[in-house]
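Protein chains in written order, with our numbering: chain R, 2 to 349; chain H, 18 to 710; chain W, 10 to 395.
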């Protein structure tokens with residue numbers, strides 16, 4: 002078991018390295034850097050000035066070496082001007098050259114500087130991630146139990162009217178992406194023109210304190226889209242289990258229907274949805290980005306959009322690292338959890 | 018709940034009709050079915066697949082699903098009509114009064130629940146006893162079904178047990194509440210022959226010990242003979258004959274029963290002198306049943322205007338005890354008339370050796386654990402195979418699962434390459450040439466017929482195209498037209514109508530698909546055909562026809578047939594020589610007569626005893642092997658068979674456990690791999706004796 | 010002029026869609042009459058769910074086809090005074106087209122109804138084709154991964170997982186930016202991805218007809234000539250005849266959608282192929298000496314078609330959602346483009362006050378995706394019945 006987890010972690014680190022390198026390469030392409038130079042220096046810089054600026058700021062090193070520096074495994078670049086002033090990756094006004102560390106990258110906890118938000122990337126991400134965490138918590142708290150209950154009720158008696166109606170509802174919610182359901186929900190519940198005006202159409206105030214009024218719509222919007230999918234997976238798994246021979250065995254040894262569902266079917270039926278739920282988290286990230294944009298809730302997704310649309314390279318890199326790590330960790334948990342839940346694999 | 022005392026019949030089924038309803042039509046599955054099971058009696062329900070025997074069982078359990086419904090008749094259990102019971106009353110009866118044992122043990126046990134818990138549940142529901150008392154009971158019953166180490170068993174999950182052990186657990190579960198009626202639905206079909214014999218033995222003993230009535234459903238007449246007191250033969254949804262075992266087996270009164278017996282290879286049948294008689298035609302589909310007698314179109318005694326003019330009822334056979342038949346003409350037919358249509362053929366001369374296998378070895382490296390790969394284990398799938406096969410000869414390779422027969426087929430076909438040793442085809446070594454490096458000639462001369470008819474044809478390609486593709490690959494014919502002509506000839510060869518060329522495989526029955534598979538194998542003029550259990554998945558009545566077809570083609574084409582099977586009856590019937598394998602070793606090799614008469618290898622002896630024979634005049638020696646077949650991943654030391662051998666004590670010095678026995682020649686062409694002394698071998702008695710009539 | 014009542018609006022919309030209704034009635038009539046002969050497609054009409062799904066999908070297909078006949082105004086033209094006007098507002102005298110904005114005006118005073126209808130054309134152009142390409146890539150890589158196993162499988166699976174581990178939105182933000190288009194990366198990706206269909210067809214014909222050289226030559230020549238012509242036009246924008254060209258911003262959207270979908274298809278194909286590989290008919294093909302590609306493409310693939318068709322429908326829906334997502338973030342397509350995602354994005358800023366400009370495309374997108382999902386569900390149910 003330990004060996005298995007170690008192997009998985011090994012693969013995970015390899016994947017993370019590959020992915021961050023791809024992101025690094027894509028964000029550090031020539032046109033991006035040129036744009037960066039112009040926003041940092043002067044919009045009307047000539048091509049030569051751009052080139053000098055890039056050279057002075059260490060952007061002319063080979064891609065791999067810059068990636069190593071950013072990661073913190075290679076020593077940061079340093080250069081000495083004609084007038085003897087030493088500048089370098091790890092050198093700034095607060096950290097003069099003589100006490101500057103040799104390496105300063107992600108591994109050393111130095112995530113860089115956000116040019117848009119004018120803040121340390123690490124503190125931006127920490128703060129925003131916290132806000133998104135709250136959102137995600139409520140989403141999961143609403144979505145997972147609802148989806149499982151729907152799936153199990155539907156799959157318990159395949160083809161019944163309950164099954165038909167619940168399945169149609171879950172198909173409908175999977176067919177409604179967040180930007181559609183968000184629009185509809187705001188129109189119905191928050192529009193000042195026609196709606197019921199029960200909730201607020203933005204979640205800006207939720208950043209200071211969550212209320213039922215300002216947080217319901219964003220949470221419901223994300224939860225709806227994921228819920229249908231999980232419910233359908235649970236239903237599929239449940240119907241399969243309910244037609245399995247061992248359920249017939251249980252029925253024919255006189256076990257009552259609710260005990261068949263609770264004692265015999267449930268455990269087997271929940272193995273598959275568990276994986277689905279864990280793998281759903283990266284998808285939720287998508288929804289988070291959309292919903293945070295739509296409802297103006299300045300969390301992690303909103304930050305990602307800001308970083309990407311404003312060419313804020315280091316912030317975008319930081320966001321990517323977090324996103325990729327979240328995805329990989331959930332995959333790991335799903336793999337390990339699957340093995341743990343399934344005695345057929347666990348004990349062999 | 019207290020069990021009702023009742024001294025009438027345990028189960029009375031009166032004129033039962035069950036139908037399944039699909040969107041398009043009603044499909045009658047069981048019609049006008051009546052049967053009575055007395056206390057302590059074992060009733061056999063025999064028939065081919067689709068005859069409705071399992072539906073009867075589910076009808077008794079009142080568990081027909083959403084589409085099934087009882088449309089007529091009654092099922093009375095201890096005098097009470099089951100279909101009038103409420104869901105609660107039914108629940109009380111299920112498991113405590115009527116218990117069921119299923120075909121696939123693995124699928125019938127909950128994979129995520131410990132075995133102990135699954136067993137304890139039964140008395141806890143029905144008798145409301147404490148978990149502790151239930152545990153005691155479970156322990157007792159698990160001991161009763163002769164499982165080793167009962168405490169550990171109760172703590173295990175189903176997947177940790179072998180198939181035979183799982184089936185014993187299912188039996189234990191059925192016995193937990195000491196039911197009055199036990200329904201066994203093909204309980205041993207998924208098991209190996211020797212394991213099957215042990216389970217059947219167990220069921221018989223427990224039936225006696227607990228005094229349980231049994232409804233035993235099987236397609237195997239031999240098995241029914243061994244387990245039941247009475248039987249009921251079903252055909253296409255109806256009972257056609259019912260009576261005591263002796264009456265039905267020896268004085269059958271229905272043409273279908275007679276045809277069934279003539280189509281199974283009993284001792285004495287011979288492919289040349291006394292060939293099997295296949296039942297002509299096909300099983301009617303439920304919605305295409307003929308008017309009048311369902312068996313009419315396939316019956317030799319059919320009389321137009323009479324058999325197809327009316328619904329046929331069961332007629333009691335005078336003079337016998339509760340013996341009845343669904344035949345109008347049973348008193349007119351001379352049941353003892355000799356088989357009229359049996360054509361005898363000349364046995365073909367066996368030619369020169371074509372294939373020579375010399376000390377062939379095939380080892381696999383597998384990860385010891387599917388999930389946490391790391392250290393590898395070597396599986397010795399074939400160990401030291403040596404034999405010859407001649408032109409026009411049928412060599413049977415016999416053995417149970419894991420004996421390495423399929424691996425050998427793969428190596429011969431070139432799907433795998435040998436680890437060591439040689440396969441010589443016409444003096445050319447082919448053991449190391451994978452299929453993609455083999456020339457067209459070589460590929461087309463070694464072909465294979467597969468086991469599962471439902472899997473052997475590509476479902477999305479028409480029958481004709483599949484055969485033509487084989488012709489194309491084998492380079493037969495220059496144009497599509499030529500190949501089409503040849504394909505039609507091949508269809509003639511396997512006795513299929515030419516119109517089948519344009520059909521899709523799903524429109525064919527199992528036997529027809531198998532014929533197409535045979536046509537495909539012979540497309541390139543194969544000289545060696547490996548038939549991997551070609552008939553084991555087919556119904557009894559179809560088996561004979563397909564077997565005969567194979568023999569006929571072999572005779573014409575002088576093909577060498579390697580017939581892989583676990584069914585010794587059919588092997589005895591059609592093979593010239595027999596090779597018995599166990600865990601990768603050839604334990605015995607000789608002509609059919611040599612292998613089927615003493616001296617035997619102890620494994621052959623057990624195998625012979627295990628095979629059920631549907632003949633009341635046959636007396637078998639009762640040999641039950643202990644335990645299961647060891648895993649090929651973890652074979653025993655010394656002789657592979659030593660863990661289950663009943664002769665082991667006769668060999669001094671325990672060398673069975675330490676040394677692999679040498680190959681010994683007993684007679685010309687007869688060899689065995691055993692440590693037993695000549696003296697002991699000479700004292701062996703024949704397993705099968707046919708009582709003088 | 011008076012604004013139209015809601016009843017009049019609904020009636021007028023129904024009238025505008027007349028070409029679609031006629032086409033649908035013809036199609037349904039013919040299909041229903043011959044449904045017993047049409048296999049799986051015919052069985053679809055036996056289930057309510059599948060029938061409804063099919064109707065929704067067909068509705069949008071015909072709407073896309075007849076968009077020019079249905080629209081009441083030019084979807085890009087701004088009519089002064091119509092900014093954010095409610096549904097049924099009359100247009101000023103002298104404006105071309107119909108006398109009212111059926112579903113009101115958007116914040117740039119364009120007709121919401123016409124934009125919604127033209128939006129369907131864009132979706133119908135990109136989503137099915139992109140999905141088809143993703144399937145080609147997924148199948149061409151998934152089959153050998155399952156069939157050969159070993160290192161190839163490990164490598165390809167790792168690659169697929171790598172792409173799948175990217176949050177989709179991040180990938181889009183990285184790929185679909187003007188800077189990336191400048192570097193030419195999308196063209197290279199297109200160059201690689203679009204090779205797969207040609208490769209697929211070439212292998213398909215070659216494995217089937219290598220025993221009949223003349224037939225093979227004909228099939229291969231046709232495939233290669235047509236394939237490379239389209240390939241040059243689509244991927245390199247260098248069609249020698251000048252007939253086919255794809256604007257770079259559409260190409261990048263197309264490429265990234267294929268790129269995101271292909272790994273999932275790969276995993277599905279691989280899973281099914283691993284199962285079918287163990288069947289006897291595959292062994293039969295091997296024992297008669299068929300090459301691996303024949304076995305994969307003619308023995309395994311046709312028997313995997315059921316689940317693949319179902320997934321294809323689902324995936325078109327998902328692709329539609331992805332396209333909407335791209336539009337919602339203003340990525341890729343031109344800002345004034347009437348595609349549904351962009352329109353929703355335009356409308357969302359004033360959503361609380363004027364919901365109608367965003368609501369129309371939102372409902373349109375939802376109904377199409379719902380239709381595809383229902384269709385897939387119906388197909389799955391029917392294909393399981395055999």
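Beta carbons are placed, not taken as given, at the ideal position from N, Cα and C, and that holds for glycine. Quick caveat, the model's predicted, so the values are computed rather than measured.
Could you check the C-alpha separation between residue 318 (chain W) and residue 137 (chain W) for me, to the nearest Å?
Counting only the Cα atoms, residue 137 (chain W) lies some 12 Å from residue 318 (chain W).
Helix, strand or coil at residue 178 (chain R) according to DSSP, with G and I counted as helix:
If DSSP states are grouped into helix, strand and coil, residue 178 (chain R) belongs with coil.
Taking only three categories from DSSP, how would you classify residue 346 (chain W)?
In this structure, residue 346 (chain W) counts as coil in the three-state DSSP scheme.
Name, in chain order, the residues that DSSP records as bridge partners for residue 120 (chain W).
Looking at the DSSP output, residue 120 (chain W) bridges to W:114.
Name, going along the chain, the residues of the segment 179-191 of chain R whose beta-carbon falls closer than 7 Å to a beta-carbon of chain W.
Answer set for the segment 179-191 of chain R: 180, 181, 184, 185, 187, 188 and 191.
Answer yes or no: do residue 257 (chain H) and residue 343 (chain H) have a C-beta to C-beta separation smaller than 8 Å?
A contact, by the Cβ cut-off of 8 Å.
Taking only runs that begin and end inside the segment 281-310 of chain R, name each unbroken beta strand (DSSP E) of 3 or more residues, in chain order.
Counting only runs that start and end inside the segment 281-310 of chain R, there is no beta strand (DSSP E) element of at least 3 residues.
Relative to the alpha-carbon of residue 141 (chain R), which residue among R:228, R:16 and R:325 has its alpha-carbon at the smallest distance?
The shortest Cα separation from residue 141 (chain R) among R:228, R:16 and R:325 belongs to R:228.
In the DSSP assignment, what residue or residues form a beta bridge with residue 648 (chain H)?
Beta-bridge pairing links residue 648 (chain H) to no other residue.
If we define contact as Cβ-Cβ less than 8 Å, is residue 246 (chain R) a contact residue for chain H?
The beta carbon of residue 246 (chain R) sits closer than 8 Å to some beta carbon of chain H.
Here's the rule I'm using: 16 or more other beta-carbon atoms within 10 Å means buried, otherwise exposed. How should residue 206 (chain H) be labelled?
Burial is judged here by how many other beta carbons sit within 10 angstroms of a residue's own beta carbon; residue 206 (chain H) has fewer than 16 and is exposed.
Any beta carbon from chain W within less than 8 Å of residue 287 (chain R)'s own beta carbon?
Output row for residue 287 (chain R): interface = yes.
Contact set for residue 355 (chain W): own chain, Cβ-Cβ below 8 Å, skip 5 residues either direction
Apart from the 5 residues on each side of it in sequence, residue 355 (chain W) sits with its Cβ closer than 8 Å to the Cβ of 115, 116, 117, 366 and 367 in its chain, given in chain order.
DSSP on residue 15 (chain W), reduced to helix/strand/coil?
Helix, per DSSP.
Mind pulling the chain R residues with CB within less than 7 Å of residue 117 (chain H)?
Residues of chain R passing the Cβ test: 253.
Going along the chain, which residues of the segment 467-478 of chain H sit with their C-beta nearer than 8 Å to a C-beta in chain W?
Cβ contacts with chain W come from 467, 468, 469, 472, 473, 474, 475, 476, 477 and 478.
Taking the continuous beta strand (DSSP E) assigned at residue 706 (chain H), which residues delimit it?
Run containing residue 706 (chain H): 705-707, per the beta strand (DSSP E) assignment.
So what does DSSP say about residue 367 (chain H), is it helix, strand or coil?
If DSSP states are grouped into helix, strand and coil, residue 367 (chain H) belongs with coil.
Residues of its chain near residue 563 (chain H), where Cβ-Cβ distance is below 8 Å and the 5 sequence neighbours each way are ignored
If we look at residue 563 (chain H) and ignore the five residues flanking it on each side, its Cβ neighbours are 528, 531, 532, 535, 551, 552 and 555.
Where residue 323 (chain W) and residue 273 (chain R) are concerned, what is the direct C-alpha to C-alpha distance, given to the nearest angstrom?
Rounded to the nearest angstrom, the two C-alpha atoms are 20 Å apart.
Where residue 191 (chain R) falls: helix, strand or coil (DSSP)
Coil.
How would you list, in chain order, the residues of chain H whose beta-carbon sits under 8 Å from the beta-carbon of residue 55 (chain W)?
Here the neighbours are 40.
When R:180, R:124 and R:31 are compared against residue 51 (chain R), the one with the closest alpha-carbon
The shortest Cα separation from residue 51 (chain R) among R:180, R:124 and R:31 belongs to R:31.
Does the segment 329-344 of chain R come close enough to the segment 47-55 of chain H that 3 or more CB-CB pairs lie under 8 Å?
No contact exists between the segment 47-55 of chain H and the segment 329-344 of chain R.
Rank H:65, H:540, H:180 and H:198 by C-alpha distance to the C-alpha of residue 293 (chain W) and give the top, closest one.
Of the residues H:65, H:540, H:180 and H:198, the one whose Cα lies closest to the Cα of residue 293 (chain W) is H:540.
So for residue 260 (chain H), helix, strand or coil by DSSP?
The three-state reading of DSSP puts residue 260 (chain H) in strand, counting E and B together.
Report all residues from its chain with a CB closer than 8 Å to the CB of residue 393 (chain W); omit the five preceding and five following residues, and keep chain order.
Excluding residues within five positions, none has a Cβ falling inside 8 Å.
contact_flag[the segment 279-298 of chain W, the segment 194-204 of chain W] where n(CB pairs < 8 Å) is 3 or more:
By the C-beta criterion, the segment 279-298 of chain W is judged not to be in contact with the segment 194-204 of chain W, since fewer than 3 inter-stretch pairs fall below 8 Å.
Which value, in whole angstroms, describes the spacing of the CA atoms of residue 74 (chain H) and residue 514 (chain H)?
C-alpha of residue 74 (chain H) to C-alpha of residue 514 (chain H): approximately 37 Å in a straight line.
Mapping the DSSP letters down to three states, classify residue 387 (chain H) as helix, strand or coil.
Low local confidence applies: a pLDDT of 46 at residue 387 (chain H) is under 50, so the model's placement there is unreliable, and no value is given.
Per the contact definition of three or more C-beta pairs closer than 8 Å, is the segment 181-191 of chain H in contact with the segment 598-614 of chain H?
Because the criterion of three Cβ pairs below 8 Å is not met, the segment 598-614 of chain H and the segment 181-191 of chain H do not touch.
Do we get a CB-CB distance below 8 Å when we pair residue 87 (chain W) with the residues of chain H?
Not an interface residue.
For my contact list, residue 81 (chain W) and residue 54 (chain W) are in at a C-beta cut-off of 8 Å; report their separation, rounded to the angstrom.
Rounded to whole angstroms, the Cβ separation of residue 81 (chain W) and residue 54 (chain W) is 33 Å, and the two are not in contact under 8 Å.
Residue 345 (chain H) to residue 239 (chain H) span [Cα, whole Å]:
Between the alpha carbons of residue 345 (chain H) and residue 239 (chain H) lies a distance of about 27 Å.
State buried or exposed for residue 23 (chain W), treating a residue as buried only when at least 16 other CB atoms are found within 10 Å of its CB.
With fewer than 16 Cβ atoms within 10 Å of its Cβ, residue 23 (chain W) is classed as exposed.
Chain-ordered residues of the segment 374-390 of chain W with a beta carbon less than 7 Å from chain R
Taking 7 Å as the Cβ-Cβ cut-off against chain R, the residues of the segment 374-390 of chain W that qualify are 374, 375, 378, 379, 382, 383 and 386.
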